[in-house]
Amino acid sequence: METRIGKVYLTREALVKIAGYATTECYGVVAMAKKTPNDLLRYLLKRENIAQGVELKMTGQGVHLTVNVILELGIRLSEVVRNIREQVAFRIRSMAHLENLSIDIIVCNVRTNEE
Amino acid sequence: MKNEEKGALAGRTELTYTELMQLLEAATAHLERNKEIVNALNVFPVPDGDTGTNMLLTLQSTLDELRRSPLHSMREFAEATTRGSLLGARGNSGVILSQLFRGFGRSFDSKETITTHDLAEAFVEASRTAYKAVMKPVEGTMLTVAREAGKTALLVQDETRIDEFLAAVLHSARRTLANTPNLLPILREAGVVDSGGSGLVFLLEGALACLRGERLETHGLTAQASFDNEEAFAEELNFRYDIQFLLRDCHFSHREVEERFIPLGDSLLVIGDPALLRVHVHSNLPAQVLDLASRIGTLDQVTMEDMLQQHQEFKERGKTPPPRGVALAVVAAGAGFEEIFSSLGVAKLIPGGQSMNPSTKNILNAIDASECQEWVILPNNSNVIGAALQAKSISGKKLSVLPTHNLPQGISACLAYSEDCTLEENVLKMERAIKRVHCGEITYAVRDGCVNGVTFQVGEVIGLVDDELMEVGEDPGAVSCRVVRKLIERTHPEVVVTLYRGEEAAEEEAEELRDQLAAEFPQAEFEQHYGGQPFYYYIISLEE
Chain A
1 METRIGKVYL
11 TREALVKIAG
21 YATTECYGVV
31 AMAKKTPNDL
41 LRYLLKRENI
51 AQGVELKMTG
61 QGVHLTVNVI
71 LELGIRLSEV
81 VRNIREQVAF
91 RIRSMAHLEN
101 LSIDIIVCNV
111 RTNEE
Chain B
1 MKNEEKGALA
11 GRTELTYTEL
21 MQLLEAATAH
31 LERNKEIVNA
41 LNVFPVPDGD
51 TGTNMLLTLQ
61 STLDELRRSP
71 LHSMREFAEA
81 TTRGSLLGAR
91 GNSGVILSQL
101 FRGFGRSFDS
111 KETITTHDLA
121 EAFVEASRTA
131 YKAVMKPVEG
141 TMLTVAREAG
151 KTALLVQDET
161 RIDEFLAAVL
171 HSARRTLANT
181 PNLLPILREA
191 GVVDSGGSGL
201 VFLLEGALAC
211 LRGERLETHG
221 LTAQASFDNE
231 EAFAEELNFR
241 YDIQFLLRDC
251 HFSHREVEER
261 FIPLGDSLLV
271 IGDPALLRVH
281 VHSNLPAQVL
291 DLASRIGTLD
301 QVTMEDMLQQ
311 HQEFKERGKT
321 PPPRGVALAV
331 VAAGAGFEEI
341 FSSLGVAKLI
351 PGGQSMNPST
361 KNILNAIDAS
371 ECQEWVILPN
381 NSNVIGAALQ
391 AKSISGKKLS
401 VLPTHNLPQG
411 ISACLAYSED
421 CTLEENVLKM
431 ERAIKRVHCG
441 EITYAVRDGC
451 VNGVTFQVGE
461 VIGLVDDELM
471 EVGEDPGAVS
481 CRVVRKLIER
491 THPEVVVTLY
501 RGEEAAEEEA
511 EELRDQLAAE
521 FPQAEFEQHY
531 GGQPFYYYII
541 SLEE
């Protein structure tokens, strides 16, 4: 990213963290999950490892993010997913001024509300 | 519905489910009246100005579900409320609202009527359920308002009169709402309270007023340009919306149906038989038309058209140039700008700009009205880009959205446009052109606040440099000078600066301003045109 007084470099880690924190602030998200190498098991992440629930790829068209989340059961998932996408995109746009952004959201699991 | 006389519910100590539904209807109606206020407060998490609309749509879906379901008990009422709000949840605030309802109704299940004790439990359960569905709750939002309301409800549950009880809860909700800027810094910086929280307060106000049999009016905050537009138009065309729908299982005759709709509009047409009626009406009260319709039968296939839009398109059609390879559609406000854009070969002008954003449908309608198959859309406002992109994804035609954030960028893009080039070539040229443009805007503050460390008060003149608030002052001319200085500092002295004066700026003043600037910056060239834009005294374009 270029500014009037010099260049700014953003690391993947920074972007991933911005995305991770934006996701956890979304209403309906109860946890984030981590993709394991064999792609079958997904672990629940502790709060400090939130960023591991976000994968980042640089493509020719820009930045592609995949966010792995666990949602609350019994709320409208389609809306929650749309909110996550909007919120993450908004945070990244406003904090990092990145425009070419695509976001995939994987709902790894839903959590039932144990009484 | 019973108990409709004034004050019939005042002083009651218990409520049935039909009465609860009445309260919900009144609450929804009150939110609807204040929707624009809630929208205007929306700065968090994404400042897209739709909180009020989202909450309202969620509530309307809840009411629809309630009206559709055969209700015989409190349990069925609670279930229908949960189902309706879940299925209709829209946006973040809508989803939270649906969770609140889900918790709220849970404790009502087996009861015939509910008392303040039950309500207190319901408020607490509502906030508990809502909090469960979020990993990291942000304080200073509607969740905070709901939780504090629940706490107060517990404290005052020994009050047996429901209206007194609700008044105490409302008081606490208002106090929490007023405190939200202290909990969430972004609210304080923007000088607003939380929008979802204010939505909740409106709901409680509406419900309480219904209990007491009072009538509520809108709060006096809404100086919205879109309202002015509607009024101005109402003189020309008496009714704005063309509404059509099917009505199933209606127990009234044609004439009875007609009599009910006549007060709401004209051009009324009711055809078919009572099992399936088709109704057509022109009205300014679409919500009430549909509301009434849903009460007397089952609604289906509702279509609604904005005749204002059609009317304007009709007026514009006369001056539209014939279709070509690639056409331009431009969103602009102000007579001067419209003329400038027309002279630059723009095929479609879509009226709109600050605080009167055209919808996706407005854009699609404009584009579909022409034969041309390939379009470049210039939104000319950050808030319109979303609608334009959505139009792109829906439209059957080949559209490209050039994200112009302001009118000067739009004008430069139009200057770069060529009829003989392909869509892709045009977009490339236009993208290059808008990068060279800087924009200054001189307007006035609509509320007190602080952005980027600059504080301002209502009515003060503010100056924006490339969309960032930089200058505050009393006199539009003086602020303009400072903005131009900033713009020139950012580039170099040999530039072309164009001033577009708004409908509120006099020509002599604009001339004077231009001369003054020309004397200060001898290397730059200054021009002055009539833009006619509302809200902005001056829009300043600077090209490198």
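Top line first, the protein sequences correspond to chains A and B. Last residue of the first sequence: number 115 in this note's numbering, and the count goes up by one each step with no gaps. Last residue of the second sequence: number 544 in this note's numbering, and the count goes up by one each step with no gaps. All C-beta atoms in this analysis are idealised placements derived from N, C-alpha and C, irrespective of residue type, glycine included.
Just to confirm, are residue i and residue j a CB contact at a threshold of 9 Å?
i	j	result
L86 (chain B)	S98 (chain B)	yes
A305 (chain B)	R436 (chain B)	A small correction: the amino acid at residue 305 (chain B) is Glu; Ala does not occupy that position in the sequence shown. Result no, Cβ atoms of E305 (chain B) and R436 (chain B) do not sit closer than 9 Å.
E19 (chain B)	L31 (chain B)	no
Y27 (chain A)	V80 (chain A)	yes
C210 (chain B)	Q457 (chain B)	no
T28 (chain B)	G91 (chain B)	no
V54 (chain A)	M135 (chain B)	no
N426 (chain B)	H405 (chain B)	no
N109 (chain A)	L71 (chain A)	yes
L378 (chain B)	L328 (chain B)	yes
A89 (chain B)	G105 (chain B)	no
V454 (chain B)	L469 (chain B)	yes
A551 (chain B)	I75 (chain A)	In the structure displayed, chain B extends from 1 to 544; residue 551 (chain B) sits before or after that span and is not available.
Looking only at its chain, what residues have a beta carbon closer than 8 Å to the beta carbon of residue i, apart from the 5 residues adjacent to it on each side?
i	result
Q288 (chain B)	L264
K429 (chain B)	A416, Y417, S418, C421
D104 (chain A)	H64, L65, T66, V67
M307 (chain B)	L237, F239, R240, Y241, D242, H282
S110 (chain B)	M74, R75
Could you check if residue i is buried or exposed, using at least 16 other CB atoms within 10 Å of its CB as the buried criterion?
i	result
Q157 (chain B)	buried
Y17 (chain B)	buried
Q301 (chain B)	exposed
S496 (chain B)	According to the sequence as given, residue 496 (chain B) is Val; it is not Ser. By the neighbour-count rule (16 or more Cβ atoms within 10 Å), V496 (chain B) is not buried but exposed.
G532 (chain B)	buried
E525 (chain B)	exposed
C450 (chain B)	exposed
K348 (chain B)	buried
A178 (chain B)	exposed
I434 (chain B)	buried
I442 (chain B)	buried
K392 (chain B)	buried
K57 (chain A)	exposed
G20 (chain A)	buried
E371 (chain B)	exposed
S127 (chain B)	buried
D228 (chain B)	Here D228 (chain B) scores only 29 on pLDDT, less than 50, and its place in the model is too uncertain to base an answer on.
Note down, in chain order, every chain B residue with its Cβ under 8 Å from the Cβ of residue i.
i	result
G28 (chain A)	V95, A133, V134
A31 (chain A)	M135
Output needed for residue i: all residues of its chain with C-beta closer than 7 Å, excluding positions within five of it in sequence on either side, in chain order.
i	result
C250 (chain B)	V257, P274, L277, I296, G297
I96 (chain B)	A130, M142, L143, G196
A14 (chain A)	none
L24 (chain B)	L63
Q373 (chain B)	K397, K398
F521 (chain B)	I488, P493
G191 (chain B)	R447, D448, G449, C450
I'd like to know if residue i contacts chain C, where contact means its C-beta is closer than 9 Å to some C-beta of that chain.
i	result
L101 (chain A)	No chain C appears in the structure shown, which is made up of the protein chains A and B.
Which same chain residues, not among the five before or five after residue i, have their C-beta less than 6 Å away from its C-beta?
i	result
V461 (chain B)	Y444, G473, P476, V479
Q244 (chain B)	H280, T303
T148 (chain A)	Residue 148 (chain A) is absent from the model: chain A starts at 1 and stops at 115.
Q87 (chain A)	A22, C26
T360 (chain B)	A387, Q390, A391
Against residue i, what residues of chain B qualify as contacts under a CB-to-CB distance less than 7 Å, listed in chain order?
i	result
N68 (chain A)	Within chain B, no residue comes near N68 (chain A); the closest Cβ sits about 13 Å away, beyond 7 Å.
E86 (chain A)	V46
Taking Cβ-Cβ distances shorter than 7 Å, what residues in chain A pair up with residue i?
i	result
E90 (chain B)	Strictly speaking, residue 90 (chain B) in this sequence is Arg, with Glu absent from that position. Result: E79.
V138 (chain B)	E25
R447 (chain B)	Chain A residues near R447 (chain B): none, gap ~21 Å exceeds 7 Å.
Which residues in chain A sit within 9 Å of residue i, going by Cβ to Cβ distance?
i	result
Q581 (chain B)	The requested residue 581 (chain B) does not occur in the structure, where chain B is confined to residues 1 to 544.
R248 (chain B)	Chain A residues near R248 (chain B): none, gap ~27 Å exceeds 9 Å.
R295 (chain B)	By Cβ distance, chain A contributes nothing, its closest Cβ being about 26 Å from R295 (chain B), past 9 Å.
R547 (chain B)	With chain B covering only 1 through 544, there is no way to say anything about residue 547 (chain B).
For residue i, return the contacting residues in chain A, with the cut-off set at a CB-CB distance below 8 Å.
i	result
V43 (chain B)	Those do not exist, as V43 (chain B) stays about 11 Å from chain A at its closest Cβ, beyond 8 Å.
L86 (chain B)	G74, I75, R76
R188 (chain B)	Simply none; closest approach about 17 Å.
Please list, in chain order, the chain B residues whose beta carbon lies closer than 9 Å to that of residue i.
i	result
N83 (chain A)	P45, V46, G91, N92, V95
Heavy atom of the ligand FMN less than 8 Å from the Cβ of residue i, yes or no?
i	result
Y536 (chain B)	With respect to the ligand FMN, the structure offers nothing, as it holds no ligand at all.
Quiz prompt | Length at least 3, wholly inside the segment 287-371 of chain B: the beta strand (DSSP E) runs in chain order | solution = With a minimum length of 3 residues, the continuous beta strand (DSSP E) runs that stay inside the segment 287-371 of chain B are 298-306, 326-332, 348-351.
Exercise. Starting from the N-terminal side, write out each stretch of the alpha helix (DSSP H) that is 4 residues or longer and does not extend beyond the segment 401-464 of chain B.
Key: Secondary structure remark: continuous alpha helix (DSSP H) runs of at least 4 residues inside the segment 401-464 of chain B, in chain order: 407-416, 423-435.
Quiz prompt | Ranges of the alpha helix (DSSP H) found wholly within the segment 20-50 of chain B, counting only runs of at least 4 | solution = Listed in chain order, the complete alpha helix (DSSP H) runs (minimum 4 residues) inside the segment 20-50 of chain B are 35-41.
Exercise. Give, in chain order, every unbroken run of the alpha helix (DSSP H) that is at least 4 residues long and sits entirely within the segment 112-156 of chain B.
Key: Counting whole runs of 4 or more residues, the segment 112-156 of chain B contains the alpha helix (DSSP H) stretches 116-132, 142-155.
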